[in-house]
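Per the working numbering: the sequence shown = residues 118 to 255.
Below: one structure, written as C-alpha cells.
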Amino acid sequence: MEVLTAVLCDSAADYNGKLCILGAFDTIWVRRFPAAHPHCAIALRFLFRDTDEGKHKIAINLIDSDGRNMLPGKVPPIELDLQQIPEETFFLSRNFVVNLQGLPLNKPGQYSIDIVFDDSIVARIPLQLIQLKEGTGS
C-alpha cells in the first residue's frame with residue numbers, strides 16, 4: 118500500500134475514480150480559543166498492489182500539541198476489504214474523503230492529522246492553529 122495523497126482541504130469528492138480537491142490548507146487563524154472550524158475534509162488516495170489483498174482498517178486521528186487525539190470516536194475507522202485485483206491491472210487506486218464538521222480547536226499550537234493503516238501511521242498531515250493578535254486580520 119502506498120499513500121499517494123493525504124491533504125486537509127475545504128472540500129473534496131471522488132468523481133468516477135478521480136480525486137477532486139478544493140482549497141488545501143495547513144494553517145487556521147483563530148481570534149479566540151476554544152473554537153471550532155465549521156467544515157473541512159481530509160482527502161486520501163491510496164495505491165494497492167496484489168500483495169495488499171484482504172481486510173484492512175484505516176483510522177484518522179487529530180493529534181494536539183500534547184499528543185492527545187482530539188477526535189476519539191468521532192471519526193469511525195474505514196473498513197476496507199480488497200478483493201482480488203483484476204489480472205489486467207498492475208495496481209488499484211482508491212479515494213477516500215472524510216468530511217469533518219465542527220473540528221475542535223482548543224488552543225493554539227502544532228497539530229497533526231495522522232492516517233493510520235492497519236495500526237501503523239502511514240501519513241501525517243501538519244496543521245497549525247495560530248491566534249490572531251487584537252487589531253490584525255479580518
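The beta carbon of each residue, even a glycine, is placed where N, CA and C say it ideally should be.
Going by the beta-carbon positions, is the gap between Lys172 and Asp198 smaller than 8 Å? Sequence index remark: in the sequence shown, residue 172 carries index 55 (1-based). Sequence index remark: in the sequence shown, residue 198 carries index 81 (1-based). Against a cut-off of 8 Å, the Cβ pair of Asp198 and Lys172 comes out as a contact.
Assign Arg162 to buried or exposed, taking buried as 16 or more other Cβ atoms, counted over all protein chains shown, within 10 Å of its Cβ. Here residue 162 refers to the residue found at position 45 of the sequence shown. It counts as buried.
Roughly how many angstroms lie between the CA atoms of Ala129 and Glu251, to the nearest whole one? As a first step, residue 129 is located in the sequence shown; it is residue number 12 there, counting from the start. As a first step, residue 251 is located in the sequence shown; it is residue number 134 there, counting from the start. One C-alpha to the other measures close to 33 Å.
Got a sec? Which residues, its chain only, sit under 7 Å from Cys137 by beta carbon, not counting five neighbours each side? In the sequence shown, residue 137 corresponds to position 20, counting from 1. Same-chain partners within the cutoff: Ala129, Ala130.
In whole angstroms, give me the CA-to-CA distance for Val233 and Arg148. Looking up residue 233 in the sequence shown gives position 116. Looking up residue 148 in the sequence shown gives position 31. Roughly 31 Å between the two C-alpha positions.
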